[in-house]
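Trainee:
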Amino acid sequence: MGPLTAMLARLIALFGIALTLSACDEGAGPPASTATPVRALVANVVSVDITDFTGIRGRVIERAPLEVANDITVAVQDVFSGPGAANANIALRLKDVLLPSPGSAFAFGGPSSIRADVTVTDAQTGAVIFGPEEVRGTSATLRVPGLIGVATSPSASRDYAQTVAGFAVALETALSAPVQTPNGA
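Numbering (the working numbering) for the sequence shown: 605 to 789.
(1) I need the boundaries of the alpha helix (DSSP H) containing ALA670, first residue and last residue.
(2) Tell me whether ARG762 sits in a helix, a strand or coil according to DSSP, three-state version.
(3) For THR777, tell me which candidate among VAL683, THR655, VAL650 has the shortest Cα-Cα distance.
(4) Please list the terminal residues of the continuous beta strand (DSSP E) segment that includes ASN691.
(5) Using only CA atoms, which one of SER757, VAL722, ALA760 lies nearest to ALA692?
(6) Hey, would you say LEU698 sits closer than 8 Å to TYR764, going by beta carbons?
(7) In the structure shown, what three-state DSSP assignment does ALA772 receive?
(8) I want to check one thing, is the minimum distance from the CB of VAL672 to the heavy atoms of the ligand PLP below 7 Å?
(9) Quick check on SER716: buried or exposed, where buried means 16 or more other Cβ atoms within 10 Å of its Cβ?
(10) To the nearest angstrom, how far is it from the Cα of SER757 to the Cα of THR742?
(11) Could you check what DSSP says for PRO736 in three-state terms: helix, strand or coil?
(12) Run the CB neighbour count on THR655, radius 10 Å, all protein chains shown included, and call it buried at 16 or more, exposed below.
(13) Flag this pair as yes or no: are the beta carbons of GLY688 and VAL646 separated by less than 8 Å?
(14) Looking only at its chain, what residues have a beta carbon closer than 8 Å to the beta carbon of GLU738, apart from the 5 residues adjacent to it on each side?
(15) Does the beta-carbon of THR729 have 16 or more other beta-carbons within 10 angstroms, so that it is buried, or is it exposed?
(16) Count the other CB atoms within 10 Å of the CB of ALA673; is the residue buried (16 or more) or exposed (fewer)?
(17) DSSP three-state call for THR767: helix, strand or coil?
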């Protein structure tokens with residue numbers, strides 16, 4: 605077995621392990637019947653502050669900071685739209701959008717990500733419901749290091765879209781923690 609063949613065999617094994625581990629997370633958590641009730645958040649206002657955001661790092665993609673803010677706003681509004689009255693204002697302070705290049709995927713692997721500080725307030729009272737806390741969301745595409753990472757890298761525009769959607773889902777997960785009530789009432 606030559607060195608290239610051995611490296612390819614290791615990469616395939618790593619890819620298989622990564623797929624197996626990602627499948628292990630499916631269905632984790634308590635059964636729905638024993639879960640603590642959560643407060644359903646419906647977005648009233650979603651705002652994205654880009655004061656500290658300088659642009660997308662990694663891959664070259666033509667998206668101005670205001671366009672990125674708009675894309676994130678739309679994705680978060682979609683996730684937090686629903687039945688009932690709007691009850692939450694969601695404020696995001698965008699920190700970072702990282703889309704690893706195929707070369708970076710070859711060397712390091714890992715998903716693309718968005719990081720933002722998040723504060724959620726009650727739309728009626730202004731009381732803080734969540735945060736400020738950093739939330740990090742990632743794309744759905746996992747990249748293992750090596751040739752497989754390069755081969756599985758989506759186009760820059762698809763990677764960006766997946767990362768924006770992944771951030772909105774991560775935010776939904778972060779905000780779906782059980783509601784704390786006084787004295788367990």
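For glycine and all other residues, C-beta sits at the position ideal for the given N, C-alpha and C.
Mentor: Let's see:
(1) Stepping through the sequence shown from its first residue, residue 670 is reached at position 66. Per the sequence presented here, residue 670 reads as Leu, with Ala not at that position. From DSSP, the alpha helix (DSSP H) with LEU670 extends over 669–683.
(2) Start at 1 with the first residue of the sequence shown, and residue 762 comes out as number 158. Here ARG762 sits in helix by DSSP.
(3) Sequence index remark: in the sequence shown, residue 777 carries index 173 (1-based). Closest by alpha carbon: VAL683.
(4) Here residue 691 corresponds to residue number 87 of the sequence shown, with the count starting at 1. No beta strand (DSSP E) contains ASN691, which DSSP labels as neither H nor E.
(5) Here residue 692 refers to the residue found at position 88 when the sequence shown is read from its first residue. Ranking the options by Cα distance to ALA692, first place goes to VAL722.
(6) Here residue 698 refers to the residue found at position 94 when the sequence shown is read from its first residue. Here residue 764 refers to the residue found at position 160 when the sequence shown is read from its first residue. Cβ distance not < 8 Å, so LEU698 and TYR764 don't count as in contact.
(7) Residue numbering aside, residue 772 sits at position 168 when the sequence shown is read from its first letter. Residue state, collapsed to three classes: helix.
(8) The ligand PLP is not among the ligands present in this structure, which contains no ligands whatsoever.
(9) As a first step, residue 716 must be located in the sequence shown, where it is residue number 112. Answer is buried; the Cβ neighbour count reaches 16.
(10) Walking along the sequence shown from the start, residue 757 turns up at place 153. Walking along the sequence shown from the start, residue 742 turns up at place 138. Spanning the two alpha carbons is a distance of roughly 14 Å.
(11) Taking the first residue of the sequence shown as position 1, residue 736 is located at position 132. Strand, per DSSP.
(12) Along the sequence shown, one-based indexing puts residue 655 at 51. Answer is exposed; the Cβ neighbour count stays below 16.
(13) Taking the sequence shown and counting its residues from 1, the one referred to as residue 688 is at position 84. Taking the sequence shown and counting its residues from 1, the one referred to as residue 646 is at position 42. Taking 8 Å as the Cβ cut-off, GLY688 and VAL646 qualify as a contacting pair.
(14) One-based indexing of the sequence shown puts residue 738 at position 134. Cβ neighbours of GLU738 beyond the five flanking positions: LYS699, ARG719, ALA720, ASP721, VAL722.
(15) Here residue 729 refers to the residue found at position 125 of the sequence shown. Counting other Cβ atoms within 10 Å of its Cβ, THR729 stays below 16 and is therefore classed as exposed.
(16) Locating residue 673 in the sequence shown gives position 69, counting from the first residue. Its Cβ being crowded by 16 or more others within 10 Å, ALA673 is buried.
(17) Indexing the sequence shown from 1 puts residue 767 at position 163. Correct three-state label for THR767: helix.
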